[in-house]
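Numbering (the numbering used here), first residue to last: 309 to 434.
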């Protein structure tokens with residue numbers, strides 16, 4: 309027999325109080341936000357840049373998904389909204405960690421540059 313639900317790959321069946329079944333879709337980009345948020349935490353110590361970029365992308369996608377969800381929450385499943393919220397929290401943590409680490413790397417480079425410019429290089433050979 310053929311699969312009768314071919315057009316609905318990301319839908320969940322929710323039982324309503326009067327035994328009516330009602331289809332709810334996954335929130336667009338909810339899993340993407342979660343994955344990018346987690347990866348932004350994991351890559352926050354790669355000089356801060358990769359985690360910062362991924363965290364910002366995840367935050368932008370999360371804000372769009374949040375707006376879509378609040379326009380019509382009955383269409384989307386609560387589990388996909390929870391994934392989006394968890395991904396947004398991970399993205400905030402990853403963005404903050406990346407920003408702090410990027411600041412530390414920049415301060416370290418500035419300290420090394422100041423150290424090497426204070427050395428009297430013209431007197432080394434004399």
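Don't be surprised by glycine CBs; every beta carbon is placed ideally from N, CA and C.
Counted within 10 angstroms of its Cβ, other Cβ atoms place residue i as buried (16 or more) or exposed
i           : result
residue 377 : buried
residue 375 : exposed
residue 425 : exposed
residue 408 : exposed
residue 387 : exposed
residue 432 : exposed
residue 430 : exposed
Heavy atom of the ligand SAM within 8 Å of residue i beta-carbon
i           : result
residue 412 : The ligand content of the structure shown is nil, which means the ligand SAM is not present either.
Other residues of its chain near residue i: CB distance less than 8 Å, five sequence neighbours each side excluded
i           : result
residue 413 : 355 and 356
residue 389 : 335, 338, 377 and 381
Limits of the alpha helix (DSSP H) - the one that residue i falls within
i           : result
residue 275 : Here the chain comprises residues numbered 309 to 434, so residue 275 is not present and cannot be evaluated.
residue 337 : No alpha helix (DSSP H) contains residue 337, which DSSP labels as neither H nor E.
residue 364 : 357-379
Paired residues, beta bridge with residue i - DSSP
i           : result
residue 429 : Note: residue 429 sits in no beta bridge, so no partner.
Own chain residues within Cβ distance below 7 Å of residue i, not counting five before or after
i           : result
residue 352 : 359, 402, 405, 406 and 409
residue 340 : 369
Three-state secondary structure assigned by DSSP to residue i
i           : result
residue 351 : coil
residue 488 : This structure leaves residue 488 out entirely; the chain is present only between 309 and 434.
Spatial neighbours of residue i in its chain, beta-carbon cut-off 6 Å, leaving aside the 5 residues before and after
i           : result
residue 400 : none
residue 396 : 370
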